[in-house]
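Q: For the sequence shown, the working numbering begins at 11 and goes up steadily by one.
Heads up, the beta-carbon is just placed ideally off N, CA and C, and yes, glycines get one too.
Take a look at the following structure, please.
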Amino acid sequence: MKAIPAVPFLTRQNDFVYVDKTNLKSVINQKFKSASVFTPTGYAVVENEKGEYAVIDGTGKVVLDFSPSQIGLNVVNGLTFYKKNIEYDKKMPFWKWEWNIMGSGISKEQTYHTIEIGIIESRKILLKEDIPYLDDNYALNFISVDEDHVFWNGALYRIKKNSLNKIESNIA
Numbered sequence: 011m012k013a014i015p016a017v018p019f020l021t022r023q024n025d026f027v028y029v030d031k032t033n034l035k036s037v038i039n040q041k042f043k044s045a046s047v048f049t050p051t052g053y054a055v056v057e058n059e060k061g062e063y064a065v066i067d068g069t070g071k072v073v074l075d076f077s078p079s080q081i082g083l084n085v086v087n088g089l090t091f092y093k094k095n096i097e098y099d100k101k102m103p104f105w106k107w108e109w110n111i112m113g114s115g116i117s118k119e120q121t122y123h124t125i126e127i128g129i130i131e132s133r134k135i136l137l138k139e140d141i142p143y144l145d146d147n148y149a150l151n152f153i154s155v156d157e158d159h160v161f162w163n164g165a166l167y168r169i170k171k172n173s174l175n176k177i178e179s180n181i182a
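Okay, here's the thing in structure tokens:
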């Protein structure tokens, strides 16, 4: 765990900068539209003026590049898990069109999500899927079993070299 003494500070120009929490001197010279506090592992989510999100480390270096996907972070057993989520409309084949017989016509598109879940330290992607909007049942709900094991999505994983190895599946 890294103790980062920087906190986000709102300037008069409605930008966020990171300052030292003891003396309020600027630590990271970049300006952001929004910024989160640093996790215990030393990462924060920031947003630029274009509405794109990224993850930075304690020095201001971009760890996960800017993208329109919203990013969530969760720290479990010293690993920082992230979830990127972007919503889009997808054209459907005609057998999946929604027919409204009461007058509004035919809906040829459905809302989908692209979800990516991974580990920042090892840059390993655990899950990347396109799913319908209503079927979004993936979350950053990693549960620590002990210092070497985590439970997620119905499976037990062993932590080894900043990565996860699946040990057992279909656990209730």
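Between Ala165 and Ser154, which are expected to be in contact by the criterion C-beta below 8 Å, what is the C-beta distance as a whole number of angstroms?
A: About 14 Å; that fails the 8 Å criterion.
Q: Return the CA-CA distance between Pro15 and Glu119, expressed in angstroms with no decimal places.
A: For Pro15 and Glu119, the distance between alpha carbons rounds to 47 Å.
Q: Take Val85 and list the residues in its own chain whose beta-carbon comes closer than 8 Å to its own, dropping the five residues that flank it on each side.
A: Thr49, Pro50, Thr51, Phe91
Q: Over the uninterrupted beta strand (DSSP E) stretch that includes Ser154, give me the two end residues.
A: 153-156
Q: Please classify Ile127 as buried or exposed, where buried requires at least 16 other C-beta atoms within 10 Å of its C-beta.
A: buried
Q: Could you have a look at Asp25 and say whether DSSP puts it in helix, strand or coil?
A: coil
Q: Can you tell me which of Trp162, Ala182, Lys35, Asp158 puts its alpha carbon nearest to the alpha carbon of Asn172?
A: Asp158
Q: According to DSSP, what are the bridge partners of Glu126?
A: Here Glu126 is bridged, per DSSP, to Lys94, Lys138.
Q: Taking the beta strand (DSSP E) that Gly82 belongs to, which residues open and close that run?
A: Per DSSP, Gly82 belongs to the beta strand (DSSP E) from 80-86.
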